[in-house]
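Chemist: Protein chains in written order, with my numbering: chain V, 188 to 361; chain E, 87 to 185.
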Amino acid sequence: MIPEQILFFVLAVASIASAIGVITFKNAVYSALSLILTLLFLAMFYLLLGAMFIAVVQILIYAGAIMVLFLFVVTMLAPESPVEERDRLAWQRIAAGLLAVVLVGSLSYLIFSGNNQAILLNPGANSLHHIVQTQGDIQAFGLALFHGFLFPFEITSLLIIVAILGALVFGRRA
Amino acid sequence: MPLSAYLVVSAILFTIGIVGVLTRKNPLIIFMSIELMLNAVNLSFVAFSKFLDTADGQIFVFLILTVAAAEVVVGLALIVSIFRTRRSIDVDEMNMLRG
Chain V
188 MIPEQILFFV LAVASIASAI GVITFKNAVY SALSLILTLL FLAMFYLLLG AMFIAVVQIL
248 IYAGAIMVLF LFVVTMLAPE SPVEERDRLA WQRIAAGLLA VVLVGSLSYL IFSGNNQAIL
308 LNPGANSLHH IVQTQGDIQA FGLALFHGFL FPFEITSLLI IVAILGALVF GRRA
Chain E
87 MPLSAYLVVS AILFTIGIVG VLTRKNPLII FMSIELMLNA VNLSFVAFSK FLDTADGQIF
147 VFLILTVAAA EVVVGLALIV SIFRTRRSID VDEMNMLRG
């Protein structure tokens with residue numbers, strides 16, 4: 188059995204490396220493939236955290252549908268000549284890296300300075316691990332979705348219709 | 087692993103997404119960096135769901151996934167229509183409100 192710490196560390200390093208690959212590659216197809224890799228590593232994170240349904244949905248929908256759509260558009264819009272990325276300011280990349288380090292540092296400070304007392308929202312028999320032990324992972328997710336979040340779930344169908352209409356309007360030949 | 091570890095990884099991924107949005111010129115890569123930011127927030131939601139012993143975080147991730155899919159559809163349709171009229175997708179050249 189791989190200890191959880193080693194698995195977490197390996198996944199963290201791998202997902203951060205592939206995320207850096209997303210923003211670094213000159214070729215947009217390589218960036219899309221790096222993003223798919225990052226999504227798969229994040230799905231493994233979700234498995235580590237016990238969110239089984241979300242892990243599978245992430246692979247099916249995000250890596251399987253959204254990224255395929257991205258790859259369609261990326262290969263359709265492939266530039267004929269390699270795009271030269273000229274910056275307006277020569278030191279722009281270095282400044283971006285430094286500011287990113289500052290942002291990560293301040294976020295980490297805030298994360299580590301908070302108190303670690305968890306205020307459990309559903310104590311006792313309604314807690315997630317209890318429902319998962321008695322009824323199962325998917326049942327726990329389904330109970331929460333259809334008992335507490337039924338209205339947002341139904342509204343997402345409206346959201347999808349609006350997105351389809353938007354795509355149809357923008358896709359029309361002018 | 088404690089909750090802070092997951093949140094720090096989420097913060098790092100979020101920052102990498104921000105740098106990608108602000109630095110790259112290709113709008114498709116900008117879009118991919120936005121998706122990276124959404125995924126970083128998904129990770130923090132799932133981590134909180136585990137550590138607060140509730141399924142609400144996972145429900146939020148489900149809804150964020152749906153919203154991200156809808157946003158990608160509309161955004162890519164927009165980029166394709168811009169490419170059709172301009173034959174270029176360099177964001178530095180998109181400096182007119184019309185045309």
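Backbone N, C-alpha and C define an ideal beta-carbon position, used for all residues, glycine too.
All values derive from a computational prediction rather than experimental measurement.
1) Can you name the start and end residues of the alpha helix (DSSP H) that V/LYS238 belongs to?
2) Quick check: is the beta carbon of E/MET87 nearer than 8 Å to any beta carbon in chain V?
3) Could you compute how far the alpha carbon of V/ALA242 sits from the alpha carbon of E/ALA91?
4) Could you tell me whether the Cβ atoms of E/ALA65 and V/ILE298 are closer together than 8 Å?
5) Would you kindly check if the distance between the Cβ of E/LEU114 and the Cβ of E/ILE165 is under 8 Å?
6) Which of helix, strand or coil does DSSP assign to E/PRO88?
7) Quick check: the Cα distance between V/ILE248 and E/LEU151, rounded to an integer number of angstroms?
8) Beta-carbon within less than 7 Å of V/VAL261's beta-carbon, same chain only, minus the 5 sequence neighbours each way: which residues are those?
9) Between the stretch 350-361 of chain V and the stretch 125-142 of chain E, are three or more C-beta pairs nearer than 8 Å?
10) Give me the residue from V/ALA331, V/LEU222, V/PHE195, V/THR343 with the minimum Cα distance to V/VAL255.
11) Mind checking which residues open and close the alpha helix (DSSP H) that includes E/VAL158?
12) For the stretch 101-122 of chain E, which residues have a beta carbon sitting closer than 8 Å to at least one beta carbon of chain V?
13) Are the CB atoms of V/ALA199 and E/ILE102 within a distance shorter than 8 Å?
14) Please say whether E/ILE104 and V/LEU332 have beta carbons closer to each other than 8 Å?
15) In the DSSP assignment, find the alpha helix (DSSP H) that holds V/GLU341 and state where it starts and stops.
16) Cβ atoms of E/LEU93 and E/ALA141: under 8 Å apart, would you say?
17) Is it true that the CB of E/ALA155 sits closer than 8 Å to the CB of V/ILE253?
18) By the criterion of Cβ-Cβ separation under 7 Å, what are the contact partners of E/ILE98 in chain V?
19) Short of 7 Å in beta carbon distance, which residues of its chain neighbour E/VAL147, apart from the five on each side in sequence? Order them along the chain.
20) Does DSSP put V/ALA283 in a helix, a strand or coil?
21) Would E/LEU164 pass as an interface residue toward chain V - the criterion being a Cβ-Cβ separation below 8 Å?
22) Please confirm if V/GLN192 has its CB atom under 8 Å from at least one CB of chain E.
Modeler: In short, the structure shows the following:
1) Residue numbering aside, residue 238 of chain V sits at position 51 when the first sequence is read from its first letter. Correcting the residue type first, residue 238 of chain V is Ala in the shown sequence and not Lys. DSSP places V/ALA238 outside any alpha helix (DSSP H), giving it a letter other than H or E.
2) Sequence index remark: in the second sequence, residue 87 of chain E carries index 1 (1-based). Taking Cβ atoms only, chain V reaches closer than 8 Å to E/MET87, which makes this a yes.
3) Translated into the one-based positions of the first sequence, residue 242 of chain V becomes position 55. Translated into the one-based positions of the second sequence, residue 91 of chain E becomes position 5. Approximately 19 Å between the Cα atoms of the pair.
4) Only positions 87 to 185 of chain E appear in the structure, and residue 65 of chain E is not among them; the question remains open.
5) Residue mapping note: residue 165 of chain E aligns to position 79 of the second sequence, counting from 1. Residue mapping note: residue 114 of chain E aligns to position 28 of the second sequence, counting from 1. Going by beta carbons, E/ILE165 and E/LEU114 fall inside the 8 Å limit.
6) In the second sequence, counting from the first residue as 1, residue 88 of chain E sits at position 2. Residue state, collapsed to three classes: coil.
7) Counted from its first residue, the first sequence places residue 248 of chain V at position 61. Counted from its first residue, the second sequence places residue 151 of chain E at position 65. Between V/ILE248 and E/LEU151, the alpha-carbon positions lie close to 8 Å from each other.
8) What you label residue 261 of chain V is simply residue 74 of the first sequence in a count that begins at 1. Excluding sequence neighbours, V/VAL261 sits near ALA215, VAL216, ALA219.
9) With the cut-off at 8 Å, the stretch 350-361 of chain V and the stretch 125-142 of chain E do not touch.
10) Locating residue 255 of chain V in the first sequence gives position 68, counting from the first residue. Among V/ALA331, V/LEU222, V/PHE195, V/THR343, the Cα nearest to that of V/VAL255 is on V/LEU222.
11) Position 72 of the second sequence holds residue 158 of chain E. Element bounds for E/VAL158: 142-172.
12) Within the stretch 101-122 of chain E, the residues whose Cβ lies closer than 8 Å to any Cβ of chain V are, in chain order, THR101, ILE102, GLY103, ILE104, VAL105, GLY106, LEU108, THR109, ARG110, LYS111, ASN112, LEU114, ILE115, PHE117, MET118, SER119, GLU121, LEU122.
13) Here residue 102 of chain E refers to the residue found at position 16 when the second sequence is read from its first residue. Here residue 199 of chain V refers to the residue found at position 12 when the first sequence is read from its first residue. A distance of 8 Å or more separates the beta carbons of E/ILE102 and V/ALA199.
14) Position 145 of the first sequence, counting from 1, holds the residue named residue 332 of chain V. Position 18 of the second sequence, counting from 1, holds the residue named residue 104 of chain E. No. Outside cutoff.
15) Working through the first sequence from its first residue, we reach residue 341 of chain V at position 154. From DSSP, the alpha helix (DSSP H) with V/GLU341 extends over 337-358.
16) The residue given as residue 141 of chain E occupies position 55 in the second sequence. The residue given as residue 93 of chain E occupies position 7 in the second sequence. Cβ atoms of E/ALA141 and E/LEU93: not closer than 8 Å.
17) Position 66 of the first sequence, counting from 1, holds the residue named residue 253 of chain V. Position 69 of the second sequence, counting from 1, holds the residue named residue 155 of chain E. Cβ atoms of V/ILE253 and E/ALA155: closer than 8 Å.
18) As a working mapping, residue 98 of chain E is identified with position 12 in the second sequence. Residues of chain V passing the Cβ test: ILE203, VAL291.
19) On the second sequence, position 61 is the one that residue 147 of chain E refers to. Within the same chain, E/VAL147 has close Cβ partners ASN128, PHE131, VAL132.
20) Position 96 of the first sequence, counting from 1, holds the residue named residue 283 of chain V. In the three-state reduction of the DSSP assignment, V/ALA283 falls in the helix class.
21) Counting from one through the second sequence, the residue named residue 164 of chain E turns up at place 78. Yes, its Cβ sits closer than 8 Å to a Cβ of chain V.
22) The residue given as residue 192 of chain V occupies position 5 in the first sequence. Yes, contact with chain E.
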